[in-house]
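Just below is one structure, and these are the notes that go with it.
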Amino acid sequence: MNEFTEVAADLLLVGGGHAHVQVLESLCEHPLPEVTVCVISDHPHALYSGMVPGLVAGDYEVGQLSIDVAALAARARARVILEPAVHVDPARKLVRLRSGRVCRYRVASLDVGSTIRAAGIPGVAEFALPTRPIGRFVERVERELAAATETRRRLRVVVVGLGIAGIELAFTLDARLRALGALAQIQLVGRSEELVGRSEGNARRSPGYLTRLHDLARTRGIEWIDDFELSAVETGAVRSGSRRLEADLVVLATGAAPHAWLRDSPLPTCARGFVRVSETLQVVGVPSLFAVGDCAAMEAAPWVPKAGVYAVRMGPVVTRNLRALLAGTPLERYTPQRDFLAILNLGERRALATKWGVSVSGRLVWRLKDAIDRRFMRRFQSEGLPSVVAAGRSRSSPEES
Ligand SMILES: Cc1cc2nc3c(=O)[nH]c(=O)nc-3n(C[C@H](O)[C@H](O)[C@H](O)COP(=O)(O)OP(=O)(O)OC[C@H]3O[C@@H](n4cnc5c(N)ncnc54)[C@H](O)[C@@H]3O)c2cc1C
Numbered sequence: 000m001n002e003f004t005e006v007a008a009d010l011l012l013v014g015g016g017h018a019h020v021q022v023l024e025s026l027c028e029h030p031l032p033e034v035t036v037c038v039i040s041d042h043p044h045a046l047y048s049g050m051v052p053g054l055v056a057g058d059y060e061v062g063q064l065s066i067d068v069a070a071l072a073a074r075a076r077a078r079v080i081l082e083p084a085v086h087v088d089p090a091r092k093l094v095r096l097r098s099g100r101v102c103r104y105r106v107a108s109l110d111v112g113s114t115i116r117a118a119g120i121p122g123v124a125e126f127a128l129p130t131r132p133i134g135r136f137v138e139r140v141e142r143e144l145a146a147a148t149e150t151r152r153r154l155r156v157v158v159v160g161l162g163i164a165g166i167e168l169a170f171t172l173d174a175r176l177r178a179l180g181a182l183a184q185i186q187l188v189g190r191s192e193e194l195v196g197r198s199e200g201n202a203r204r205s206p207g208y209l210t211r212l213h214d215l216a217r218t219r220g221i222e223w224i225d226d227f228e229l230s231a232v233e234t235g236a237v238r239s240g241s242r243r244l245e246a247d248l249v250v251l252a253t254g255a256a257p258h259a260w261l262r263d264s265p266l267p268t269c270a271r272g273f274v275r276v277s278e279t280l281q282v283v284g285v286p287s288l289f290a291v292g293d294c295a296a297m298e299a300a301p302w303v304p305k306a307g308v309y310a311v312r313m314g315p316v317v318t319r320n321l322r323a324l325l326a327g328t329p330l331e332r333y334t335p336q337r338d339f340l341a342i343l344n345l346g347e348r349r350a351l352a353t354k355w356g357v358s359v360s361g362r363l364v365w366r367l368k369d370a371i372d373r374r375f376m377r378r379f380q381s382e383g384l385p386s387v388v389a390a391g392r393s394r395s396s397p398e399e400s
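Put into structure tokens, the structure is as follows:
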């Protein structure tokens, strides 16, 4: 083996997403002394998506939602390579990195998230602020807000996308801009097919949920337009065919699309281009490779939305299955939950919660969300966690919201 260009590991984790940080946490607690572990990440930090709208609202600093993947990996005695993966070859069991370096593995797992849908629409690359990849969005959003509020007295913001992310961002941007003293006009636009009530199982069972969201938006002066099919973004405007809305800031929350490099690798993919996995989270027909979180599409549950809550819940299962495969013991199935506690940050330290068809909103709900999110983050942020993580800590899986 060429030591300079090749790395070999028994276990290779590609990406430091919501599931893989839990694999690393488990390796801190229960190391596998005979197993060499390597983590590849394009960034030393990973972001916890549940707190991103809170960051936009001004509730949190970026450090509060960052997980130091490199430090976590070091505590787990894993080698870390901070470089993007650009190709997976499951037949030869290797992952290629941007520099050309090759990582060979015995068992590997992909948790690399997703990129944004509609990125190819004219003007998006030049004039819009996409919400995925989430790390890049967080890097840019503060800059964009500062620049926009510095140069304009009245700011017109168009948020494109009627899923959970778009709705939360419309509310939290509104709250943040008002707190900054800017006179803002927020328009939330998209197609009715992507409405939160259509894609999320729990919301579907709550007919009053959308009405409530519409009412809350109206109260806040957020204009909700649900027949807007984005066709172009240009300087100072967005278009849907001949319809034109003026915009100083365009935020694109149009949902998840697969990374091009994964789509181009010889992997089985669904019609949308996400990596197909079985109930054990193994890539279909490739037992040595797992895929979790946004980048995966479960064959048995194609309805699973691209949401952090599912990536979080896959974490303990992929952890146990990676250990099982390495040890040659039976694997377990992951069963995605149909309903979960969804909490939308509405800014102003208010939130809207829904479960079992019931929704409630207010400051107490925000405090509940804040407590759930902080509890999840504490698992990865405890200063100087030794190789063996403090005993007795709650092992409950968080309800990411
Ligand atoms: C604004 C916004 C708000 C959201 N809010 C919520 C919410 O409240 N609740 C919810 O459930 N979901 C929410 N989501 C959805 C959520 O962000 C995603 O579903 C979730 O992040 C997916 O987790 P993941 O582990 O698949 O990937 P990610 O969390 O995206 O992690 C992927 C990791 O892989 C790394 N990576 C990427 N490419 C490469 C590469 N080529 N090589 C190596 N490493 C790589 C990245 O650095 C990153 O750390 C929100 C999304 C957005 C855009």
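So the sequence shown is residues 0 to 400, counted in numbering that gives the first Met the number 0.
All residues carry an ideal CB built from backbone N, CA and C; glycine is no exception.
These figures come from a predicted structure and were not determined experimentally.
Taking DSSP as the reference, what is the three-state secondary structure of TRP355?
Counted from its first residue, the sequence shown places residue 355 at position 356. Of the three classes helix, strand and coil, the one that applies to TRP355 here is coil, per DSSP.
When you measure from the CB of ALA310 to every non-hydrogen atom of ligand 1, does any distance come out below 7 Å?
Mapped onto the sequence shown, residue 310 falls at position 311. Yes, the Cβ of ALA310 comes within 7 Å of a heavy atom of ligand 1.
Going by DSSP, what residues sit across from LEU448 in a beta bridge?
Nothing about residue 448 can be read from this structure; the chain reaches only from 0 to 400.
The beta strand (DSSP E) with PRO186 in it runs from where to where?
Reading the sequence shown from its first residue, position 187 is the one you call residue 186. In the sequence as presented, Pro is not what sits at residue 186; that position holds Gln. From DSSP, the beta strand (DSSP E) with GLN186 extends over 182-188.
Three-way DSSP call (helix, strand, coil) for ARG197 in this model
Here residue 197 refers to the residue found at position 198 when the sequence shown is read from its first residue. Annotation note: pLDDT 46 at ARG197 (below 50); position unreliable, coordinate value reported separately. The answer is helix: DSSP assigns ARG197 an H, G or I state.
Alpha carbon to alpha carbon, how far is ARG76 from TYR59?
As a working mapping, residue 76 is identified with position 77 in the sequence shown. As a working mapping, residue 59 is identified with position 60 in the sequence shown. One C-alpha to the other measures close to 30 Å.
Compare the beta carbon distance of TYR333 and GLU245 with 8 Å and say whether it is the shorter of the two.
Taking the first residue of the sequence shown as 1, we reach residue 333 at position 334. Taking the first residue of the sequence shown as 1, we reach residue 245 at position 246. In this structure, GLU245 does not lie closer than 8 Å to TYR333 by Cβ.
Heavy atom of ligand 1 less than 7 Å from the Cβ of GLY14, yes or no?
Taking the sequence shown and counting its residues from 1, one reaches residue 14 at position 15. Yes, the Cβ of GLY14 comes within 7 Å of a heavy atom of ligand 1.
Looking at LEU280: is its Cβ nearer than 8 Å to the Cβ of THR130?
Here residue 280 refers to the residue found at position 281 when the sequence shown is read from its first residue. Here residue 130 refers to the residue found at position 131 when the sequence shown is read from its first residue. Against a cut-off of 8 Å, the Cβ pair of THR130 and LEU280 comes out as no contact.
Given a cut-off of 8 Å on the beta-carbon distance, is the pair LEU161 and VAL13 in contact?
Residue 161 sits at position 162 when you count from the first residue of the sequence shown. Residue 13 sits at position 14 when you count from the first residue of the sequence shown. Result no, Cβ atoms of LEU161 and VAL13 do not sit closer than 8 Å.
For SER113 and PRO30, I'd like the C-alpha separation in whole angstroms.
Against the sequence shown, residue 113 aligns to sequence position 114. Against the sequence shown, residue 30 aligns to sequence position 31. Between SER113 and PRO30, the C-alpha separation is close to 29 Å.
Could you check where the beta strand (DSSP E) with ILE66 kicks off and where it finishes?
Sequence index remark: in the sequence shown, residue 66 carries index 67 (1-based). Segment 65-67, the beta strand (DSSP E) holding ILE66.
Cutoff 7 Å; reference HIS44; Cβ partners in own chain excluding five residues on either side
Residue numbering aside, residue 44 sits at position 45 when the sequence shown is read from its first letter. Result list for HIS44: SER65, ILE66, ASP67, VAL68, in chain order.
In chain order, what residues of the same chain have a beta carbon less than 6 Å from the beta carbon of LEU26, not counting five sequence neighbours either side?
Within the sequence shown, residue 26 is the residue found at index 27, counting from 1. Result list for LEU26: ALA75, in chain order.
How about THR148: is its Cβ closer than 7 Å to a heavy atom in ligand 1?
Start at 1 with the first residue of the sequence shown, and residue 148 comes out as number 149. Incorrect: THR148 has no Cβ contact closer than 7 Å to ligand 1.
Cut-off 6 Å between Cβ atoms - residues of its own chain near PHE170, not counting five sequence neighbours on either side:
Numbered from its first residue, the sequence shown carries residue 170 at position 171. Contacts found: LEU345, GLY346.
How far does the beta strand (DSSP E) with ILE39 in it reach, from first residue to last?
Taking the first residue of the sequence shown as 1, we reach residue 39 at position 40. Residues 36-40.
Where THR253 falls, given that 16 or more other Cβ within 10 Å makes a residue buried:
Within the sequence shown, numbered from 1, the residue matching residue 253 stands at position 254. Its Cβ being crowded by 16 or more others within 10 Å, THR253 is buried.
C-alpha gap between ARG139 and VAL55, whole angstroms:
Taking the sequence shown and counting its residues from 1, the one referred to as residue 139 is at position 140. Taking the sequence shown and counting its residues from 1, the one referred to as residue 55 is at position 56. Spanning the two alpha carbons is a distance of roughly 11 Å.
Out of ARG78, GLU82, ALA18, ALA73, state which residue places its alpha-carbon closest to the alpha-carbon of ASP41.
Here the question's residue 41 lines up with position 42 in the sequence shown. Considering only alpha carbons, the answer is GLU82.
Quick check on PHE170: does DSSP put it in helix, strand or coil?
The residue given as residue 170 occupies position 171 in the sequence shown. DSSP places PHE170 in helix when its eight states are reduced to three.
Could you tell me if ALA299 is buried or exposed, where buried requires 16 or more neighbouring beta carbons within 10 angstroms of its beta carbon?
Residue 299 sits at position 300 when you count from the first residue of the sequence shown. Exposed, by the Cβ-count rule.
Quick check on the DSSP output: the beta strand (DSSP E) that includes ARG402 runs from which residue to which?
Because the chain spans 0 through 400 in this model, residue 402 falls outside it and cannot be assessed.
To the nearest angstrom, report how far apart HIS17 and CYS37 are at their CA atoms.
Here the question's residue 17 lines up with position 18 in the sequence shown. Here the question's residue 37 lines up with position 38 in the sequence shown. Each residue's alpha carbon lies about 17 Å from the other.
With a threshold of 6 Å on Cβ separation, who are the neighbours of THR148 within its own chain once the five nearest residues in sequence on each side are excluded?
To locate residue 148, count along the sequence shown from 1; it is residue 149. Correct list, in chain order: LEU179, ALA181.
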